[in-house]
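Below: one structure, written as structure tokens.
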Amino acid sequence: MDGGGEAATPTTHPAVQPLSFLLGTWKGQGEGGFPTITPFQYFEEVTFSHHPSKPVVAYSQKTWKLKDSGEAQPMHGESGYWRPKPDGTIEVVIAQSTGLVEVQKGTFDAKEKIVALRSELIGNATKVKEISRRFKVVNDELTYVVEMATTATSLQSHLKASLKKL
Ligand code: HEM
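The opening residue of the sequence shown carries number 0 in numbering that gives the first Met the number 0; numbering runs sequentially from there.
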């Protein structure tokens, strides 16, 4: 045992074990849209990390696009903490690079490798009223959908991405 806390090793905190399918670093591409904006594409890297002494998963995400020169141009970033509970519910806090903060609550399914979240609280937002996030892992591919409702629209898709484990 190396104490690294990776995947479903005995050193994973028992509370985090059911979420071990997320642990690690994922990289891939996504596409964004909304009725009020021009569709766009992006690259993304997400890391779910964990220390075996804590019942929490640390989350960090960054996105970028490539300039014509090939240089990476940062887009949105966010980070937070995921706290799974023994009853299959989960609470997540996320701070976004735009200044918006989220408290998300939802459920996870360790067998189906799904996490479904819906915002309970959104702070410091000008337009956003509600955010839902749904993650699924199939064969080492992490896909997610982010939907949002704004002052002008009902809940609908803003982001979709597909990431591979590094
Ligand atoms: C636009 C929220 C994640 C890129 C917007 C708008 C909102 C928003 C409220 C403006 C919509 C409107 O004007 O009606 C959010 C929230 C996010 C999120 C709540 C996370 C939960 C991201 C990510 C990216 C991104 C990860 C990039 C990879 C953009 C772009 C626009 C946009 C490019 C269009 C900007 C423009 O046309 O001026 N987003 N966003 N967003 N978002 Fe996001």
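We put the beta carbon where it would ideally sit given N, CA and C, even for glycine. Note that the coordinates shown come from a computational prediction; the quantities given were computed from them, not determined experimentally.
### Message
Suppose you measure from the CA of Gly32 to the CA of Ala160; what does that come to, to the nearest Å?
### Response
Here the question's residue 32 lines up with position 33 in the sequence shown. Here the question's residue 160 lines up with position 161 in the sequence shown. Their backbone Cα atoms lie some 12 Å apart in a straight line.
### Query
How would you label Gly98, buried or exposed, when you count the other beta carbons within 10 angstroms and need 16 or more for buried?
Counting from 1 along the sequence shown, the entry for residue 98 is found at position 99. Exposed.
### Message
Taking the beta carbon of Ile36 as the centre, do at least 16 other beta carbons fall within 10 Å, making it buried, or is it exposed?
### Response
Position 37 of the sequence shown holds residue 36. The residue is exposed, with fewer than 16 neighbouring Cβ atoms inside 10 Å.
### Query
So who's on the other strand from Pro83, going by DSSP bridges?
Stepping through the sequence shown from its first residue, residue 83 is reached at position 84. Paired residue(s): Ile89.
### Query
Taking Pro54 as the reference, which of Gly105, Lys84, Thr62 has the closest Cα?
For this step, residue 54 is matched to residue 55 along the sequence shown. Checking every option, the nearest Cα to that of Pro54 belongs to Lys84.
### Query
Considering only residues of the same chain and omitting the five flanking positions on each side of Val136, which have a CB-CB separation below 6 Å?
Along the sequence shown, one-based indexing puts residue 136 at 137. Cβ neighbours of Val136 beyond the five flanking positions: Phe20, Lys112.
#### Entry: Residue of Asp86, Gly105, Glu129, His50 minimising C-alpha distance to Val114
As a first step, residue 114 is located in the sequence shown; it is residue number 115 there, counting from the start. Considering only alpha carbons, the answer is Gly105.
### Message
What I want to know is whether the C-beta of Lys126 ends up closer than 6 Å to one or more non-hydrogen atoms of the ligand HEM.
### Response
On the sequence shown, residue 126 is found 127 positions in, with the first residue counted as 1. Yes, Cβ of Lys126 sits closer than 6 Å to a heavy atom of the ligand HEM.
### Query
How about Phe107 and Ile93: are their beta carbons less than 7 Å apart?
Working through the sequence shown from its first residue, we reach residue 107 at position 108. Working through the sequence shown from its first residue, we reach residue 93 at position 94. No, the pair does not count as a contact, with Cβ atoms beyond the cut-off.
#### Entry: Close-in-space but distant-in-sequence residues of the same chain around Leu120 (CB under 6 Å, 5 per side omitted)
Locating residue 120 in the sequence shown gives position 121, where the first residue counts as 1. Closer than 6 Å at Cβ, skipping near neighbours: Val102.
### Beta-bridge pairing of Lys159 - partner residues as DSSP gives them
The residue given as residue 159 occupies position 160 in the sequence shown. For Lys159, which the question treats as bridged, DSSP gives the partners Glu30, Val144.
### Message
In the DSSP assignment, the beta strand (DSSP E) including Asp108 goes from what residue to what residue?
### Response
Position 109 of the sequence shown, counting from 1, holds the residue named residue 108. Residues 100–108.
### Simplified DSSP state of Leu22, which is helix, strand or coil
The sequence position of residue 22 within the sequence shown is 23, counting from 1. Three-state result, Leu22: coil.
### Query
Under three-state DSSP, which class holds Pro17?
The residue you call residue 17 lines up with position 18 of the sequence shown. Of the three classes helix, strand and coil, the one that applies to Pro17 here is helix, per DSSP.
### Task
Measure from the C-beta of Lys110 to each C-beta in chain C and report whether the shortest distance is under 7 Å.
Absent from the structure: chain C. Only one protein chain is present.
### Task
Could you check if Gly2 is buried or exposed, using at least 16 other CB atoms within 10 Å of its CB as the buried criterion?
As a position in the sequence shown, residue 2 is number 3, starting the count at 1. Because the pLDDT of Gly2 is 48, which lies under 50, any placement of that residue in the model is unreliable, and the number read from its coordinates should be weighed accordingly. Around the beta carbon of Gly2, fewer than 16 other beta carbons lie within 10 angstroms, which makes this residue exposed.
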